[in-house]
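The numbering of the first sequence is my numbering, which starts it at 31 and goes up by one.
Comments concern the structure below.
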Amino acid sequence: MSEIKITLPDGSVKAVANGTTGYEIARSISEGLARNALSIEVNGEIRDLSRPISADASIRIFTWNDKGGKYAFWHSSAHLLAEALEALYPGVKFGIGPPIENGFYYDVDLNGQPFGEEDLVKVEQKMLELAKTNSAFVRKDVSKADAIRFFTEKGDPYKIELLQDLADGTITFYQQGNFTDLCRGPHIPTTSPIKAVKLLNVAGAYWRGNEKNKMLTRIYGITFPKQKELEEYLLLLEEAKKRDHRKLGKELELFAFSEKVGMGLPLWLPKGTVLRERLEQFMRRAQVKAGYDPVVTPHIGGKSLYVTSGHYEKYGKDSFQPIHTPDEGEEFLLKPMNCPHHCEIYKVKPRSYKDLPIRLAEFGTVYRYEQSGELHGLTRVRGFTQDDAHIFCRPDQVKEEFIKVIDLVLHVFTSLGFDQYTAQVSLRDPENKQKYIGEDALWDRAEREIQEAADERGLKTVAVKGEAAFYGPKLDFMVRDALGRSWQLGTIQVDYQLPQRFELEYIGSDNQKHRPVMIHRAPFGSLERFVAVLIEHCAGNFPLWLSPEQVAVLPISEKFNTYAQEVLNVLKESDIRGFLDDRDEKIGRKIRDAEVTKVPFMLIVGEKEVAERKVAVRLHGKGDQGSVSLDEFARQYAREFALPV
RNA sequence: GCCAGCGUAGCUCAGGGGUAGAGCAACGGUUUCGUAAACCGUAGGCCAAGGGUUCAAAUCCCUUCGCUGGCUCCA
């Protein structure tokens, strides 16, 4: 029997018999690894451990700690879900059942049977019962004809439809227990590592994601090798629920919605407005430093502005409809973007190459008619404010400008406590270059320069082909919040289209007309979405400089109200935001109310404090800090009260 | 926009054909208090809106609006 060479992740090479399986290799390394191994990567392809390896390969064995291991684990769990469903609901038809970032789902057609919470519990129990049987996931090559015959007999029309698109010779089945599914794998060796199961929710999903097709029932679930891990995950979900910005926004009186105003149109309450304006102030200051010129443009624009920009053609009918005036035929649109207005500002006068880059910044409120089902708290709304800016520059300035914007974005993230972030470089689809506007050479250059700019700033990036906008490549920032969830925030986009459509030009050193490149950028993205993410990230405990109410002054009884008012006045003179709780309540009650509304500082004043001209400082969540003079208090926390630099 | 579930007091929620309920908040009193909820009382509702079934509807049915979870879309 011939031998093959297996390269391990550490670079060492093992010679094994041709046809050795991943499991055997794992066992040859250690029993522990063999016990925990879930799948194997062979030359970059994730496979079953039980598949023989028949050529030289570099491999990597995946356990629960690897994405590839979880992927196989959850994929197998989806099959287990299907097996349980088939046992409990005979005649159920199956769509697809893939693993996802957190768990897996299976789309099923229950023939119109209702499926509720109790059913989920029933199915969970069946899954656990089946998992205990320790059935192996068995892979089997089948011919297309046999596969179609199998599902025809079984009566699974969706699987037959999937089979139509597959080439004969590439089709595999996986079987565990009494359940056989069309599947390319990979799977874990047996069902027994699946020790903890939770079916999370049920939702409708169109067959193959097309709204013209039948709606199937999608069952979401998650599984773990240990009960404890499931419990931790459920705790995390609970914590996420507690931090939900819609809940905290209501409790902390930051924003509200009104049916009369309209869905998806947030109302910023006084406290939310403080928060928002502090963020704006912070950004304004950073932008002035970075050489931006603030501008202001109206909330509406003539229809022809958007005809020129191309937005009317692309989004006109799916958007807020034109506003009419008493003048016949006159139409205005609510602005869905700020860039057309900024292009017109650029065109106010002729520009020289020496003027560039020109950076126009505006907190511009835009209106987009999102589909009703898509609205969600502050993260998906129909009216929102972008911390928008457009940089008009020469092609040779793109990279430098990109670097500057990256610096600004990172400054924002770190100032707000988002220290884990990644970026996605969105490039053209090389197979489909005609989909994009702009010269090939410019694209090549911009794509290269974006990547270089990101690299120079040490950004962790993932390049994704085919994700660019049709008008230019972009760099999107993703932050990881305190619960480990990823959010897409800021974006930087190169645009060749608008300068062309608006016929923007500048006079070069050669005395010829040239077309500037435009860079759209928004570090926050939208204030609304950013505030939502921030609320959930810090659970409503904002950094002091952002906190709507920084200090609560709490007199112990009404006898000390006068001194308390004095204290508050002094604070206000130093631009510290605070309020006086002079209600006829006991101090314990006042403290509790301040604690639950997450006020960072409580200054308690009673007989002692009045006598010594001091305040007793209590920190939110940390308790009594002892007494200090007001001056000392202000001095001690001055830096935290102020905007970060 | 599509599918499913949900809409009861300012908030959190009970009640599921026969007089509309609780806690917190609000308001009025009493109390003047030292680090997470004082006590007593009062008021508060077209049970999302509209239509139907019924002797009788918050409750059952239909429509509309809104919210939630997904799907689709996202300049």
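Glycine included, each C-beta is placed from N, C-alpha and C at the ideal position.
Owing to the predicted nature of the structure, the values given are computational and were not obtained by experimental measurement.
- In this structure, K170 is the residue among R238, P529, K170, N243 with its C-alpha nearest to the C-alpha of D211.
- Counting every other CB atom within 10 Å of its CB across the protein chains shown gives N368 a total of 16 or more, marking it as buried.
- DSSP places R665 in the uninterrupted alpha helix (DSSP H) bounded by 660-666.
- In the DSSP assignment, L229 forms a beta bridge with G251.
- With fewer than 16 neighbouring CB atoms inside 10 Å of its own CB, K242 falls in the exposed class.
- About 14 Å separates the Cβ atoms of Y397 and P370, ruling out a contact at the 8 Å cut-off.
- Inclusion of G279 and F285 in the CB contact set at 7 Å is warranted, their separation being smaller than that value.
- Approximately 5 Å separates the beta-carbon atoms of D525 and G502; this is inside 8 Å, confirming the contact.
- Straight-line measurement puts the Cα of S577 at about 16 Å from the Cα of R648.
- Under the DSSP definition of a beta bridge, T37 partners with V43, S88.
- Of the candidates I388, H341, L519, L519 places its Cα closest to the Cα of R559.
- For P296, the number of other beta carbons within 10 angstroms of its own is at least 16, and it is reported as buried.
- Looking only at V151, F134, L598, the smallest Cα-Cα distance to I606 is reached by L598.
- Secondary structure at R77: strand, using DSSP grouped into helix, strand and coil.
- In the assembly as shown, S456 is a buried residue. Its beta-carbon has 16 or more other beta-carbons within 10 Å.
- Residues of the same chain with a CB within less than 7 Å of the CB of I375, apart from the 5 flanking positions on each side, are V325, L390 in chain order.
- Scanning its chain for C-beta atoms nearer than 8 Å, with the 5 sequence neighbours on each side dropped, one finds around S84 the residues I34, N48, G49, in chain order.
- Residue environment: E482 is assigned as exposed (fewer than 16 neighbouring CB atoms within 10 Å of its CB, all protein chains considered).
- Collapsing the DSSP output to three states places G215 in coil.
- Contact check for F167 against Y204 passes: the beta carbons are separated by less than 7 Å.
- The beta carbon of G321 lies closer than 7 Å to those of R389 in the same chain, with the five residues before and after it left out.
- For Y336, there is no enclosing beta strand (DSSP E); the enclosing alpha helix (DSSP H) has its first and last residue at 333-339.
- Looking at the DSSP output, I83 sits in a beta bridge with T50.
- Taking C-beta atoms under 8 Å as the contact rule, F145 and T247 qualify, at a distance of about 6 Å.
- For W237, the three-state secondary structure derived from DSSP is helix.
- Distance from the Cα of L282 is smallest, within the candidate group V600, P300, E154, for P300.
- For I190, no beta strand (DSSP E) run applies; the uninterrupted alpha helix (DSSP H) run containing it begins and ends at 187-194, by DSSP.
- Only exposed fits F500, as fewer than 16 other CB atoms lie within 10 angstroms of its CB.
- Looking at the backbone, the Cα of G302 and that of E579 are separated by about 10 Å.
- In this chain, Q595 is not harboured by any beta strand (DSSP E); it is covered by the alpha helix (DSSP H) spanning 591-603.
- R613 and N591 have their C-alpha atoms spaced approximately 10 Å apart.
- If you check the CB distance, A512 and H567 come in under 7 Å.
- Under the three-pair Cβ rule at 8 Å, the stretch 402-409 does not count as touching the stretch 485-497.
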